[in-house]
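Presented below is the structure to which this report refers.
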């Protein structure tokens, strides 16, 4: 068995465990966590026109919308992802707070196809689990790893995981294609992963 197969098997098991742990959080606790993250001072300066991409929460993911609304009020230009196809990076499209959205793959809400494509300065990244080395586990398709890698090849980009504190685990097995996070925001703390 190759080491990459072993890593993928380990990730699959961690993914199942992490999803069960996240799903077990009561709805009220999930709502309170999202509000706590939005109420805290954001760890980066938001200059007018800073492009921040968020995401629409899927299932029991933490809801980034309270934070996105606060960042928009601070002058950020918002963006949301659209899936371009399996094996391709996400397309980040400009979105203004309150604009209608289409239903994309997996019924995830995304900007309309005519919304302009943008290159975010800051990406808020969903996850199932994270560790203090900056690694994360998502759903396994690699969309965010590809997107972060593509954007970082073009410009400085800060990737920020947004999660419940309960989603932290001691160590996530990683491969060379896994893009590291710079920060993680939980309801308890801001975790700075730059320089680890």
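In the working numbering, the protein residues as written are 1 to 196.
Just so it is clear, CB atoms sit at the ideal spot from N, CA and C, and this is done for glycine as well.
Work out the CA separation of residue j and residue i for me, nearest whole Å.
| i | j | result |
| --- | --- | --- |
| residue 28 | residue 65 | 16 Å |
| residue 139 | residue 12 | 9 Å |
| residue 186 | residue 192 | 11 Å |
| residue 2 | residue 147 | Residue confidence is low: residue 2 scores 46 on pLDDT, short of 50, so the model does not pin down where it sits. No coordinate-derived value is stated. |
| residue 71 | residue 144 | 21 Å |
| residue 45 | residue 23 | 33 Å |
| residue 157 | residue 179 | 12 Å |
Assign residue i to one of three DSSP states: helix, strand, or coil.
| i | result |
| --- | --- |
| residue 184 | strand |
| residue 178 | coil |
| residue 15 | helix |
| residue 109 | strand |
| residue 102 | strand |
In terms of alpha-carbon separation, which member of the options lies closest to residue i?
| i | options | result |
| --- | --- | --- |
| residue 105 | 40, 84 and 99 | 84 |
| residue 98 | 112, 174 and 107 | 112 |
| residue 87 | 101, 182 and 141 | 141 |
Buried or exposed, going by whether 16 or more other CB atoms sit within 10 Å of the CB of residue i?
| i | result |
| --- | --- |
| residue 6 | exposed |
| residue 63 | buried |
| residue 39 | exposed |
Against chain C, with Cβ distances strictly below 8 Å, would residue i count as a contact?
| i | result |
| --- | --- |
| residue 78 | Absent here is chain C; the protein component of the structure consists of one chain. |
### Query
Touch check for the segment 148-159 and the segment 114-132: three-plus C-beta pairs under 8 Å?
yes
### Query
Are there three or more Cβ pairs, one per stretch, closer than 8 Å when the segment 68-87 is compared with the segment 37-52?
yes
### Query
Counting Cβ pairs closer than 8 Å, one from the segment 126-133 and one from the segment 25-43, do we hit at least three?
no
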